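Residue numbers (this note's numbering): 666 to 1057. Just so it is clear, CB atoms sit at the ideal spot from N, CA and C, and this is done for glycine as well. Note that the structure is predicted; figures quoted are calculated from it, not measured. Before any comments, here is the structure.
Below is the structure:
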């Protein structure tokens, strides 16, 4: 099997440029739409048509609201690191000294992939409530990243399959995909804030003691403004998520190819994808914020244009050209904690994660306040001269 890593990397860079261009155009279109609505409503409310005055006020306010909210959310996630995102998704951090067989195997595999990729060991999390086979990587940079694995992946994947999945997530970290995806989350959040603002308008009007009925022109203007913001924000959010999905699909191809480079075993990750396909609708993330974080996961819970990942069949055929088209029914493999790691790698040889200063911890959670969230756990700086060895 031949994989053109250079071509995949070139495609990923092109799609990153496309992402920035499309989102920029989308934000400009949103500003223009809000300005147009403001002009019409202002002329109705005052009886005078003064588009310059309306646009002068509406355009900068809209731009500041969208861009400011986006930057605030991106900065919030960036300060918290990958552990921040993982905890907000309901993840439980794995103790590296765990005696659980499945979790111990994951720790060993992650150490091996840390050596193969030349990256620090990320924080490890398990989504205990998720019985599907999936995983995700998050974090602004390699030294503040986290990898989360579902309970279903720990229980139903063999060692080689788990290696392929973890290597795929490592490639997202080393290729800078997690940073791009963090920016996308910020932009989607900023655009969606317009919808929230529209609902605030309607809520305030409903509870306002000044409501006098249909002849209240100011009230009608606020109602129209509220519904307009909801409509524009909803359409803008849909557009942003479509762009998010389109770019993410190409990054997934690159991550699959890089995973094979790390493990030297296309059958491992290919078999994991076959098991996911065999799980059908059972392989969906049930977390409350799965929609917002769908593009972070190993496989998508959506299909068609909203899918942030390519079709499973396409990904498998790129990895295993001889595939017969049949999926594998997920089942718990025979436990074998003594499986040999890939050539030359030994558990515990990876770089430990660096320590995070207390003032770097975010004051609030990512999508919503997770129970018991206390910010990202502390880390130790990597000792000099370790973790950069390549497998022989």
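- Message: One question on the structure: do residue 966 and residue 950 come within less than 8 Å of each other, judged by their Cβ atoms?
- Response: Stepping through the chain shown from its first residue, residue 966 is reached at position 301. Stepping through the chain shown from its first residue, residue 950 is reached at position 285. The answer is yes: Cβ separation under 8 Å.
- Task: Grab me the residues of residue 848's own chain with a C-beta within less than 7 Å of its C-beta, minus the 5 sequence neighbours each way, in chain order.
- Result: Mapped onto the chain shown, residue 848 falls at position 183. Excluding positions up to five away in sequence, the list reads 739.
- Just confirm the distance between the C-beta atoms of residue 772 and residue 780, as a whole number of angstroms; I'd bet it's less than 8 Å. The residue given as residue 772 occupies position 107 in the chain shown. The residue given as residue 780 occupies position 115 in the chain shown. Actually they are not in contact, since the Cβ atoms of residue 772 and residue 780 sit about 13 Å apart, beyond 8 Å.
- In three-state terms, what does DSSP make of residue 998? Locating residue 998 in the chain shown gives position 333, where the first residue counts as 1. Residue 998 falls in the coil class under three-state DSSP.
- Cβ of residue 897 within 8 Å of Cβ of residue 867? Residue numbering aside, residue 897 sits at position 232 when the chain shown is read from its first letter. Residue numbering aside, residue 867 sits at position 202 when the chain shown is read from its first letter. For residue 897 and residue 867, no; Cβs fall outside 8 Å.
- Message: Using the three-state DSSP reduction, which class does residue 791 fall into: helix, strand or coil?
- Response: Within the chain shown, residue 791 is the residue found at index 126, counting from 1. The answer is strand: DSSP assigns residue 791 an E or B state.
- Query: If you run the structure through DSSP and keep just helix, strand and coil, what is residue 838?
  - Reply: If you number the chain shown from 1, residue 838 lands on position 173. In this structure, residue 838 counts as helix in the three-state DSSP scheme.
- Item | Cβ shell of residue 683 (< 7 Å), same chain only, five flanking positions each side left out | Position 18 of the chain shown, counting from 1, holds the residue named residue 683. Around residue 683: 912.
- Message: Residues in the same chain with beta-carbon distance under 6 Å from residue 962, minus the five sequence neighbours each way, listed in chain order, please.
- Response: Counted from its first residue, the chain shown places residue 962 at position 297. Hits under 6 Å: 799 and 801.
- residue 992 in three-state terms, based on DSSP: Here residue 992 corresponds to residue number 327 of the chain shown, with the count starting at 1. Of the three classes helix, strand and coil, the one that applies to residue 992 here is coil, per DSSP.
- Query: Near residue 975, which residues of its chain fall below 7 Å by C-beta distance, leaving aside the five closest residues on each side in sequence?
  - Reply: As a working note, residue 975 is residue 310 in the chain shown. For residue 975, where only same-chain residues beyond five positions count, the Cβ hits under 7 Å are 914, 917 and 918.
- Task: Give the C-beta separation of residue 934 and residue 984 to the nearest angstrom, bearing in mind that I take them to be a contact with Cβ-Cβ under 8 Å.
- Result: Here residue 934 refers to the residue found at position 269 when the chain shown is read from its first residue. Here residue 984 refers to the residue found at position 319 when the chain shown is read from its first residue. Their Cβ separation, rounded to whole angstroms, is 6 Å, which keeps residue 934 and residue 984 in contact under 8 Å.
- In three-state terms, what does DSSP make of residue 725? For the purposes of this step, residue 725 is identified with residue 60 of the chain shown, where counting begins at 1. It is helical.
- Out of 908, 820 and 834, which has the shortest C-alpha to C-alpha gap to residue 852? As a working note, residue 852 is residue 187 in the chain shown. It is 908.
- Message: Less than 8 Å between the beta carbons of residue 842 and residue 920, yes or no?
- Response: Taking the chain shown and counting its residues from 1, the one referred to as residue 842 is at position 177. Taking the chain shown and counting its residues from 1, the one referred to as residue 920 is at position 255. Yes, the Cβ-Cβ distance between residue 842 and residue 920 is below 8 Å.
- Evaluate the contact criterion for the segment 882-892 versus the segment 938-946: three or more CB pairs, one atom per stretch, below 8 Å. no
- Environment of residue 871 [buried if 16+ CB atoms lie within 10 Å]: As a working mapping, residue 871 is identified with position 206 in the chain shown. Flag for residue 871 reads exposed.
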